[in-house]
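Beneath this line is the structure, given in structure tokens, with notes to follow.
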Amino acid sequence: MTTTPSESASREAAAALTGVETTARSIAESAARPASGITGAQSLVRSLEAVRVEVVFGIPGGAILPAYDPLFDSHVHHVLVRHEQGAGHAATGYAQATGRVGVCMATSGPGATNLVTPLADAYMDSVPIVAITGQVPSAAIGTDAFQEADIRGITMPITKHNFLVTDAAEIPQRIAEAFHLAATGRPGPVLVDIPKDVLQATTDFAWPPRLDLPGYKPTTRPHGKQVREAAALIAGARRPVLYVGGGVLKAGATAELAELAALTGAPVVTTLMARGAFPDSSPQHLGMPGMHGTVAAVTALQKADVLVALGARFDDRVTGKLSTFAPGALVVHADIDPAEIGKNRRADVPIVGDAKETIAELVGALRAEHEAGRRPDLAAWWAQLDDWRTRYPLGYDWPEDGSLSPQYVIERLGAIAGPDAVYTSGVGQHQMWAAQFIRYEKPGTWLNSGGAGTMGYAVPAAMGAKYGRPEATVWAIDGDGCFQMTNQELATCAIEGIPIKVAVINNGNLGMVRQWQTLFYEGRYSNTRLHARNADGTPKPVRIPDFVALAEALGCVGLRCETKDDVDAVIEKAMAIDDAPVVIDFVVGADAQVWPMVAAGASNDDILAARGLRPVFGDNQV
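Numbering (UniProt numbering), first residue to last: 1 to 622.
Next up, the structure:
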């Protein structure tokens, strides 16, 4: 991917900031020349330059068009996507991969409403993005004008905050506040809606603005007494578990987590949003908990006497039936968002604070406990954990019809691409297999839609991640259902020179829905088959669509793999191509299922290691 000198300079400047560092201080320290007699649109672009934005993903349209004229002369690069949903997911992928704030832009009405899904996605997963939308002229607001939509009202429940700018003089302040809000405290999306007449109005530009956010004072430093109480609980635990959520990654706290894990000797579980926060290669790592987590991770949480939840929110996909979750555990819950603490599970020791600072202080408090002679013996606990790991490892069976195993494809992809690659995924079976069978060793290498579960996330998120980290190999692992929702962004990648790689796990079905129909609807496959069928239900030989031909039509290299013997060679061929996006159509069996599994609404005690195989864990085992 090539960059101009001005783009390189912008990238170097942006690289100096992480998302959490885009604060009031960094905004105040950034330099920007004052100007008078400029348009609101020029003020907007100058503000984006001042907060060190390197790229905006978007599509122009009537209401936002005034902003696109000064953007033409700016060193802020604009990526012209094919759908506004792609712009939002690309901004999210950029933010998740780099730690910086992602930016997307759209016009009023349908342009803005097409951002609703990625905004909801970013809100659920606490991703810092700023969306800038055009709005109809101020005098037309509320008249049902052409392409009018109340995007502030629509997105109020799914943004951390949003603004309607009514005066061009406010633009620098609102942009500064938007970036500050998105990146500090619990990160999240912020929307700035600007009417067309405000963009066209004459104004003055001055920087830095004064941030005026009364009531917004996120607590980053934890309370010392609560930290000491948590340390005392951990020091006295016989069966502790470190339950690590995505907040640890957001806070850049992986080094502190490694220190805490080493000090406690406790097992670690990393949620779907926290994969990569703790290395899979560590013997202390039990894997992912939850609906499709490892038996050891799920059961360790159930049998724990002390749960240390760090940047996690006790999501239903982790807890299963909440009333039966970890019934004998005392809970230490540390989170930067006080609204999360006690929301689903009562916390015995609540700690409000940034994960990086909280874990660092917890390490100090634990050292004091150990120096006082309070250090637990976890030998019996580890003997039990290791027994569960040995008896119930992750695994899979090859399809009986001789077709390609999707788990094998993903396992080999992870082995060949390695731990330095960045992996994005869509939502469904392939997402769970990618979380299970790729080994994650480093933060920022696994990007997915966890809370919202958004099909179509993978390709545009990979585009954003690759733009932000051009040196990394970026793989989008997608299902054939997800891929058909947003694959038009491959044209964007080809034109912009963003050489992502896409592995389409093509089973001809909406795989996860089909799995549920198999298990809970007596195999009645209502509207989950994606391939054309003959009258007798057998697949037609024609491929609709032909993903290889589609990839080539979109300016990519298209490859296909249907046999085990070809898997490594095809992946290696894709890895060798650096000057164009690559799509591999992996034609796999239709009936592979994701195991282990806890059925929706069931207790984690009822985990199935495989179909029909339910482990039985009596209290006498702990």
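All C-beta atoms, glycine included, are put in the ideal place defined by N, C-alpha and C.
First through last residue of the beta strand (DSSP E) which encompasses F163: The count along the sequence shown starts at 1 and reaches residue 163 at position 163. Bounds of the beta strand (DSSP E) holding F163 are H161 to L164.
Quick one: residues in its chain with C-beta nearer than 7 Å to the C-beta of V427, no 5 flanking neighbours on either side, listed in chain order? Here residue 427 refers to the residue found at position 427 of the sequence shown. Taken in chain order, the residues that qualify are S449, G453, T454, M455, Y457 and C482.
Return helix, strand or coil for I59, following the three-state DSSP convention. If you number the sequence shown from 1, residue 59 lands on position 59. DSSP places I59 in coil when its eight states are reduced to three.
Is the Cβ-Cβ distance between N604 and G320 less than 9 Å? Here residue 604 is taken as the residue at index 604 of the sequence shown, counted from 1. Here residue 320 is taken as the residue at index 320 of the sequence shown, counted from 1. Less than 9 Å divides the Cβ of N604 from the Cβ of G320.
What's the C-alpha gap between I234 and A549? Here the question's residue 234 lines up with position 234 in the sequence shown. Here the question's residue 549 lines up with position 549 in the sequence shown. Spanning the two alpha carbons is a distance of roughly 57 Å.
With a Cβ-Cβ cutoff of 9 Å, do A91 and G464 count as a contact? Locating residue 91 in the sequence shown gives position 91, counting from the first residue. Locating residue 464 in the sequence shown gives position 464, counting from the first residue. With contacts defined as CB atoms closer than 9 Å, A91 and G464 qualify as a contacting pair.
Can you list the beta strand (DSSP E) stretches of 3 or more residues lying completely in the stretch 56 to 111, in chain order? Complete beta strand (DSSP E) runs here, min 3: 77 to 80 and 102 to 106.
Thinking C-beta only, is L559 closer than 9 Å to V570? Here residue 570 refers to the residue found at position 570 of the sequence shown. Here residue 559 refers to the residue found at position 559 of the sequence shown. With respect to L559, V570 sits close: the two C-beta atoms are nearer than 9 Å.
DSSP has Q200 in a bridge; who is on the other side? Within the sequence shown, residue 200 is the residue found at index 200, counting from 1. BP columns for Q200 are empty, so no partner.
In three-state terms, what does DSSP make of N114? Residue numbering aside, residue 114 sits at position 114 when the sequence shown is read from its first letter. In the structure shown, N114 falls within a coil segment according to DSSP collapsed to helix, strand and coil.
In three-state DSSP terms, what is W475? Taking the sequence shown and counting its residues from 1, one reaches residue 475 at position 475. Strand at W475.
Where does the unbroken alpha helix (DSSP H) through H430 begin, and where does it stop? What you label residue 430 is simply residue 430 of the sequence shown in a count that begins at 1. From DSSP, the alpha helix (DSSP H) with H430 extends over Q429 to F437.
Report the CB separation of I351 from V227 in whole angstroms; it is logged as a contact under 8 Å. The residue labelled residue 351 in the question sits at position 351 within the sequence shown. The residue labelled residue 227 in the question sits at position 227 within the sequence shown. Indeed, because the Cβ distance is near 6 Å, the residues count as touching under 8 Å.
Just curious, the beta strand (DSSP E) that Y216 is in, first and last residue? Position 216 of the sequence shown holds residue 216. For Y216, there is no enclosing beta strand (DSSP E), as DSSP marks it with neither H nor E.
Going residue by residue through the UniProt domain "Thiamine pyrophosphate enzyme central" (227 to 362), where are the continuous beta strand (DSSP E) segments of at least 3 residues, counting only ones entirely within it? Considered as a whole, the UniProt domain "Thiamine pyrophosphate enzyme central" (227 to 362) harbours 240 to 244, 268 to 270, 285 to 287, 306 to 310, 330 to 335 and 349 to 352 as its complete beta strand (DSSP E) runs of no fewer than 3 residues, in chain order.
Would you kindly work out how many angstroms separate the C-alpha atoms of N506 and A355, rounded to a whole number? In the sequence shown, counting from the first residue as 1, residue 506 sits at position 506. In the sequence shown, counting from the first residue as 1, residue 355 sits at position 355. Approximately 39 Å, taken between the alpha carbons.
Tell me whether the beta-carbon of A364 lies closer than 9 Å to the beta-carbon of A334. Sequence index remark: in the sequence shown, residue 364 carries index 364 (1-based). Sequence index remark: in the sequence shown, residue 334 carries index 334 (1-based). First, the residue type needs correcting, since residue 364 is Gly and not Ala in the sequence shown. No, the Cβ-Cβ distance between G364 and A334 is not below 9 Å.
For A609, which residues from the same chain have a beta carbon less than 8 Å from its beta carbon, with the 5 sequence-adjacent residues on both sides left out? Counting from 1 along the sequence shown, the entry for residue 609 is found at position 609. Here A609 has V295, Y392, W595, P596 and P615 as same chain residues with Cβ atoms under 8 Å from its own Cβ, once five neighbours each way along the sequence are excluded.
Between the CA atoms of V53 and A24 - distance to the nearest angstrom: On the sequence shown, position 24 is the one that residue 24 refers to. On the sequence shown, position 53 is the one that residue 53 refers to. A caution first: A24 carries a pLDDT of 48, below 50, which makes its placement in the model unreliable, though a value can still be read off. Across the structure, A24 and V53 are spaced so that their CA atoms are roughly 15 Å apart.
One question on the structure: do G58 and I132 come within less than 9 Å of each other, judged by their Cβ atoms? As a first step, residue 58 is located in the sequence shown; it is residue number 58 there, counting from the start. As a first step, residue 132 is located in the sequence shown; it is residue number 132 there, counting from the start. G58 places its beta carbon less than 9 Å from that of I132.
Reduced DSSP secondary structure (H/G/I, E/B, other) of P137: On the sequence shown, position 137 is the one that residue 137 refers to. Looking at P137 - three-state DSSP - the assignment turns out to be coil, as it is neither helix nor strand.
Can A551 and L490 be called in contact, C-beta distance under 9 Å? Residue mapping note: residue 551 aligns to position 551 of the sequence shown, counting from 1. Residue mapping note: residue 490 aligns to position 490 of the sequence shown, counting from 1. Contact flag set, yes.
Note the first and the last residue of the continuous alpha helix (DSSP H) segment covering A503. The residue labelled residue 503 in the question sits at position 503 within the sequence shown. Premise fails: A503 lies in the beta strand (DSSP E), K501 to N506, not in any alpha helix (DSSP H).
Identify, in the order they occur along the chain, each residue of the same chain with its Cβ nearer than 6 Å to the Cβ of H430, setting aside the five sequence neighbours on each side. For the purposes of this step, residue 430 is taken as residue 430 along the sequence shown, with counting starting at 1. Around H430: I477, G479 and I505.
Please state whether the Cβ-Cβ distance between Y525 and D280 is less than 9 Å. Here residue 525 corresponds to residue number 525 of the sequence shown, with the count starting at 1. Here residue 280 corresponds to residue number 280 of the sequence shown, with the count starting at 1. Their beta carbons are not under 9 Å apart, which means Y525 does not touch D280 by this criterion.
Using 8 Å as the cut-off, can you tell me whether the stretch 125 to 140 makes contact with the stretch 192 to 199, which would need three or more C-beta pairs spanning the two stretches below that distance? Taking one beta carbon from each stretch, the stretch 125 to 140 and the stretch 192 to 199 have 3 or more pairs nearer than 8 Å; the two touch.
Any C-beta of chain C sitting closer than 9 Å to the C-beta of A120? Absent here is chain C; the protein component of the structure consists of one chain.
Can you tell which of M288, D337, R346 and R345 has its C-alpha closest to the C-alpha of residue 640? Past the boundaries of the shown model lies residue 640; the chain is included only from 1 to 622, so the question cannot be answered.
Option in Y123, T98, G37 and I129 with minimal Cα separation from C104: The residue given as residue 104 occupies position 104 in the sequence shown. The shortest C-alpha separation from C104 is found at I129.
Let's test the definition: count the other Cβ atoms within 10 Å of the Cβ of F72 and tell me whether it reaches 16, buried, or not, exposed. Position 72 of the sequence shown holds residue 72. By the beta-carbon neighbour count (other beta carbons within 10 angstroms, threshold 16), F72 is exposed.
Tell me the DSSP secondary structure of P393 in three-state form. Taking the sequence shown and counting its residues from 1, one reaches residue 393 at position 393. Note: P393 maps to coil in three-state DSSP.
If A274 sits next to P189, beta carbons under 8 Å apart, how far is it from one beta carbon to the other, in whole angstroms? Here residue 274 is taken as the residue at index 274 of the sequence shown, counted from 1. Here residue 189 is taken as the residue at index 189 of the sequence shown, counted from 1. Not confirmed; about 20 Å, so no contact.
For E259 and Y243, I'd like the C-alpha separation in whole angstroms. What you label residue 259 is simply residue 259 of the sequence shown in a count that begins at 1. What you label residue 243 is simply residue 243 of the sequence shown in a count that begins at 1. E259 and Y243: Cα-Cα distance of roughly 15 Å.
For my contact list, A183 and K160 are in at a C-beta cut-off of 8 Å; report their separation, rounded to the angstrom. In the sequence shown, the residue the question calls residue 183 occupies position 183. In the sequence shown, the residue the question calls residue 160 occupies position 160. The pair is not a contact, with the Cβ atoms about 10 Å apart (cut-off 8 Å).
Mapping DSSP to helix, strand and coil, what is L608? The residue labelled residue 608 in the question sits at position 608 within the sequence shown. Here L608 sits in strand by DSSP.
For L404, which of helix, strand or coil comes out of DSSP? As a working note, residue 404 is residue 404 in the sequence shown. Strand, per DSSP.
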